[in-house]
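Participant: Numbering (this note's numbering), first residue to last: 271 to 383.
All C-beta atoms, glycine included, are put in the ideal place defined by N, C-alpha and C.
The structure's right below; bear with me while I get my questions together.
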């Protein structure tokens, strides 16, 4: 919805001092909230599988994926990306489905940033 702003001026061409200009202004839009996608460590999912997930679903290079996998392994959890709600939800579902199809208990969650 377009908003209008009226700007008054004390002078105009006919000399009566009443001039107005209507300026269209755009409404301020709020940025959508972002969500962190997290991978959680477990004792059963092979490290190579975690690297493959990071490369496949998060577009990471092998080196990036390896570093994140080590963080997950050492700290128990790592942020693997920050996305809009819909994209984060899709990534979580893709990772969980892929892990289940390969019979791994890998957990992936999301939380508001």
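In this structure, what does DSSP give as the bridge partners for residue 308?
Facilitator: Answer by DSSP bridge pairing, in chain order: 349 and 379.
Participant: What residues are listed by DSSP as bridge partners for residue 354?
Facilitator: According to DSSP, residue 354 bridges with 304.
Participant: Under 9 Å between the Cβ atoms of residue 347 and residue 307?
Facilitator: Their beta carbons are not under 9 Å apart, which means residue 347 does not touch residue 307 by this criterion.
Participant: Taking the CB atoms as reference points, tell me whether residue 377 and residue 324 lie closer together than 9 Å.
Facilitator: Taking 9 Å as the Cβ cut-off, residue 377 and residue 324 do not qualify as a contacting pair.
Participant: Considering just the uninterrupted stretch of the alpha helix (DSSP H) at residue 317, what are its terminal residues?
Facilitator: 317-328 is the extent of the alpha helix (DSSP H) around residue 317.
Participant: Among the candidates 365, 328 and 353, whose CA atom is the shortest distance from the CA of residue 303?
Facilitator: Residue 353 is the option with its Cα nearest to residue 303.
Participant: Given this structure, state the Cα-to-Cα distance separating residue 318 from residue 305, to the nearest angstrom.
Facilitator: Whole-angstrom Cα-Cα distance: 26 Å.
Participant: As a quick exercise: from 366, 328 and 355, pick the residue whose alpha carbon is nearest that of residue 382.
Facilitator: Comparing Cα positions, the closest option is 355.
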